[in-house]
Amino acid sequence: MEEQLRTLVQMQKLDDRIGALRVLQKELPQQLNEIIGHVDQATANLLACETERAELAKKQRSLESDIKQHQEQIKKYSNQLSEIKTNKEYKALNSEIAFLKEKISEQESHQLELMDAENQAAARVNEAKQELDKAEKAKSEQEGELRRQIDSLEGQIEDLRAQRNTMARTLPLQIVKLYGNMIKNKGNLAVVFCRKGACGGCGFVIRPQVRIELQLRKKINYCESCGRILVEPFEDSSSPNAAD
Ligand SMILES: [Zn+2]
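Counted the way the numbering used here counts, the sequence shown spans residues 83 to 326.
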């Protein structure tokens, strides 16, 4: 009987490892998605920053051409001044020139603002490039390894299950069925140690009579609360449960 109890503890250890691999099966693809998501995000951000910068540059070019046009207009008016006959016309043309000069001055200060904004946008483009580089570096460093790990998990689980099933063949079928049901329905935990007089699975306090039976190892005992197989820890064996 002690041999059967030891086998059950070993089977639980294998199922603990299977459980840990199943957790990785959920977590690793999430990690992979995050890494790929960062690259996508950084790419979109860089595009947005570059678009903003390009728009500012376009505005600057259009403003420059407006200023140039106004300057040419002023030149044209100034040449006309010498040919003007009446004082009234002279005045009108002069005020037109003054108006254009005022306009140019406004446009030039707007131009400075745009330059400043474009410099800031250029800095943001640089930052976004660095972010993208970082994200791409992380991807190239980790993606392959993560994919390799993800691909290998199912095989590792299959190996452990095969080992566990080989062990199970040495046990009575009824116990194996019970074990399997508890692994499935009781949080991957079928075999637990008695801890400080309580069930290691649910904490239920074990009756003194049952404790004695556990120490004798002459039969299989079940927790009277959660139904899990209770085992008194072996001196030479570590815990069967992942939580420890
Ligand atoms: Zn219990």
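Glycine is no exception: its CB is placed at the ideal position from the N, C-alpha and C atoms. Please read these numbers as outputs of a predicted model, since none were measured by experiment.
Among the bridge pairs identified by DSSP, residue 280 is matched with 277, 287. Boundaries of the beta strand (DSSP E) harbouring residue 311: 311-313, taken from the DSSP string. For the segment 108-160, not one full-length alpha helix (DSSP H) segment reaches 4 residues or more. Annotation: the continuous alpha helix (DSSP H) that includes residue 214 extends over 169-250.
At a threshold of 6 Å, residue 269 does not count as near ligand 1, since its beta carbon sits no closer than that to any of the ligand's heavy atoms. Shortest gap from the CB of residue 307 to any heavy atom of ligand 1: under 6 Å. For residue 260, the enclosing alpha helix (DSSP H) starts and ends at 255-267. Beta-bridge analysis with DSSP links residue 303 to 312.
A direct Cα-to-Cα measurement between residue 253 and residue 311 gives close to 14 Å.
Short note on residue 88: C-beta not closer than 6 Å to any heavy atom of ligand 1. In terms of Cβ geometry, residue 264 and residue 89 do not form a close pair [threshold 7 Å]. Inclusion of residue 310 in the 6 Å shell around ligand 1 follows from its C-beta lying nearer than that to a non-hydrogen atom of the ligand. Nearest neighbour of residue 108 by Cα position, chosen from 145, 229, 130, 128, turns out to be 229. Cβ neighbours of residue 164 within its own chain (closer than 8 Å, five residues either side excluded): none. Distance from the CA atom of residue 182 to the CA atom of residue 152, rounded to whole angstroms, is 6 Å.
Going by C-alpha positions, residue 116 is about 10 Å away from residue 221. Between residue 96 and residue 242, the gap from beta carbon to beta carbon is short of 7 Å. Three or more beta-carbon pairs separated by less than 8 Å link the segment 192-200 to the segment 139-159, which places the two stretches in contact.
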